[in-house]
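In the working numbering, the protein residues as written are -16 to 67.
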């Protein structure tokens, strides 16, 4: 599947904002952990963005509320793919 650059950039912007505000702090912890494991900065942010994308997908498709617990669980599980 071809990457939608505009959408990818929007998700990366969210990751950058969460990192700069340290909110939630689990994003910074995940970023540091993955970087220490050898992932590049971009790859690390893309992995985190996948967790954000899952939450936005569920909000839009199912009308769910943002699930902070699932989001943090998926961050903790990275580099495994996020799970619904």
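For glycine and all other residues, C-beta sits at the position ideal for the given N, C-alpha and C.
Start and end residues, alpha helix (DSSP H) containing residue 59: 51 to 60
Check whether residue -5 and residue 36 have beta carbons under 8 Å apart: Not closer than 8 Å, so no.
8 Å Cβ cutoff met for residue -7 and residue 30: Judged by their CB atoms, residue -7 and residue 30 are not nearer to each other than the 8 Å cut-off.
The stretch -5 to 14 touching the stretch 49 to 58, judged by at least three CB pairs closer than 8 Å: yes
Simplified DSSP state of residue 3, which is helix, strand or coil: DSSP places residue 3 in helix when its eight states are reduced to three.
Rounded Cβ spacing between residue 49 and residue 67 (contact assumed at less than 8 Å): About 14 Å; that fails the 8 Å criterion.
8 Å CB neighbourhood of residue 18 in its chain, flanking five on each side removed: 24, 27
CA-to-CA distance, residue -1 to residue -12, given in whole angstroms: 16 Å
Residue 5 versus residue 41: straight-line alpha-carbon distance, rounded: 24 Å
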